[in-house]
Amino acid sequence: MKVAIIGLAQSGKTTVFKSLAGISESVKDPHGQGVHVGNVKVPDPRLERLAEVFKPPKVVPADMDFMDVAGGRVDQKGVGLTPQVITEIRNADAFLTAIRAFENPSVIHPLETLDPLRDIRNIEAELSLNDMIQTEKRLQRIDKEHSDGLERETLLRAKDCLDAERPLRLLDLSEAESRAIAGYSFLSQKPALLLLNIGENEIGKSPTPELIGYAQKNDLSVMQYCAEIELEISELEPGEQAGFLAEMGLQGSGRERLVRKVYEMLRLISFFTIADTEIRAWSVPRGVRALTAAGKVHSDMERGFIRAEVINFKEFNEIGSLHTARESGHLRLEGKEYEVCDGDLIRFRFHV
Numbered sequence: 001m002k003v004a005i006i007g008l009a010q011s012g013k014t015t016v017f018k019s020l021a022g023i024s025e026s027v028k029d030p031h032g033q034g035v036h037v038g039n040v041k042v043p044d045p046r047l048e049r050l051a052e053v054f055k056p057p058k059v060v061p062a063d064m065d066f067m068d069v070a071g072g073r074v075d076q077k078g079v080g081l082t083p084q085v086i087t088e089i090r091n092a093d094a095f096l097t098a099i100r101a102f103e104n105p106s107v108i109h110p111l112e113t114l115d116p117l118r119d120i121r122n123i124e125a126e127l128s129l130n131d132m133i134q135t136e137k138r139l140q141r142i143d144k145e146h147s148d149g150l151e152r153e154t155l156l157r158a159k160d161c162l163d164a165e166r167p168l169r170l171l172d173l174s175e176a177e178s179r180a181i182a183g184y185s186f187l188s189q190k191p192a193l194l195l196l197n198i199g200e201n202e203i204g205k206s207p208t209p210e211l212i213g214y215a216q217k218n219d220l221s222v223m224q225y226c227a228e229i230e231l232e233i234s235e236l237e238p239g240e241q242a243g244f245l246a247e248m249g250l251q252g253s254g255r256e257r258l259v260r261k262v263y264e265m266l267r268l269i270s271f272f273t274i275a276d277t278e279i280r281a282w283s284v285p286r287g288v289r290a291l292t293a294a295g296k297v298h299s300d301m302e303r304g305f306i307r308a309e310v311i312n313f314k315e316f317n318e319i320g321s322l323h324t325a326r327e328s329g330h331l332r333l334e335g336k337e338y339e340v341c342d343g344d345l346i347r348f349r350f351h352v
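Numbered per full-length UniProt numbering, the sequence shown finishes at 352, counting up by one with no gaps.
Written out as structure tokens, the structure reads:
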């Protein structure tokens, strides 16, 4: 999964990115075009507990890629969605929208005043405008070809939604309709988390009711985050981080909470596989079936699927060992249509 960090100039996008991905070798610019990609591990206490029990040589967490795109020129609304930026972010699965909510006289806001709700509206409007242009162009082409069908009907519904100043993530589509327009990767259809990049003095304060109301109305998640402090924490040794958090009066790492919140926004769950050499967490969409999950691990497991041995982490943690779980009948045998649950420990039986 790839998450694009977007936002207005001077909103702290790159600081957010660095706090998440670090500034080590994990950060790369694959095309040399100002696009930085950082692979971020998803924190999971369940995986840590499994590592304590089984003590494998290798522990592999689930992960996500976060992408920071150079903003290019900035328009009169402070938005830097150049054609290059749009091309890059269109390939993302979701957006992390950095919203400036901190005061800093030495770094002037592009619109000169601090107004998070205004900035959110500007960004959302720009995403929807790009979708509208794309929709109208495609509809014109379809009409010239005298074509009809589900694609045209769905695009007309999308246009009506955008005309009403509603993002496409609010458009209720059937599976067939979603497939009909999936290739367009509409920007306002992607899930998005509004990250209010606050200053140290704003820690502990709540967003305004107006902002929360706008987010709820437009199906947007919201989180407050002090990127400067989180970057400081990320640069400390693990043993020093707890002391720094306590000194700042913070309840745990904001970075970890943010990664988990994005993971949940993407409707991802984790299941675990346990082998002699490694324990691994696998990311799959909520509602995935056992057969598809097997293919995530290895194509041979999907092709030769027989059964899945399953126990959920919560039950396993109470029992304490797979041997005891098997002897006491707590390990279940499930077929290929079994819906994988978050936290399942799975061993796939297969033959090829």
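By construction, the Cβ of each residue, glycine as well, lies at the ideal position given by its N, Cα and C atoms.
- The beta carbon of L139 sits closer than 8 Å to those of R152, L155, L156, K159, all from its chain and outside the five residues before and after it, given in chain order.
- Residues of the same chain with their beta carbon placed closer than 6 Å to that of T324 are lacking, with the five preceding and five following residues left out of the count.
- If you ignore the 5 residues before and after A51, its C-beta comes within less than 8 Å of the C-beta of V59, I279, all in its own chain and listed in chain order.
- In the structure shown, D344 adopts extended strand secondary structure according to DSSP, grouped into three states.
- In terms of CA proximity to K2, F17 leads the group G12, S11, F17, L8.
- Taken in chain order, the whole beta strand (DSSP E) runs of length 3 or more contained in the stretch 221 to 301 are 221 to 225, 268 to 274, 278 to 285.
- Contact between the stretch 126 to 135 and the stretch 220 to 232 is absent, with fewer than three C-beta pairs closer than 8 Å.
- Shown here, F350 sits in a strand according to DSSP, grouped into three states.
- Annotated three-state conformation of T113 is coil, per DSSP.
- Annotation: L220 to L266 spans about 12 Å, alpha carbon to alpha carbon.
- Taking C-alpha positions only, D93 is separated from A227 by approximately 22 Å.
- For L195, there is no enclosing alpha helix (DSSP H); the enclosing beta strand (DSSP E) has its first and last residue at 192 to 198.
- The Cβ atoms of V284 and F305 do not sit closer than 8 Å to each other.
- Assignment of beta-bridge partners to F186 by DSSP yields no partner.
- With a cutoff of 8 Å on beta-carbon distance, S11 and N197 are scored as near each other.
- Residue pairing from DSSP places D68 in a beta bridge opposite I5, H36.
- When C-alpha distances from Y263 are compared across S178, F95, D68, the shortest belongs to F95.
- By the C-beta density criterion, T273 is buried, having at least 16 other C-beta atoms within 10 angstroms.
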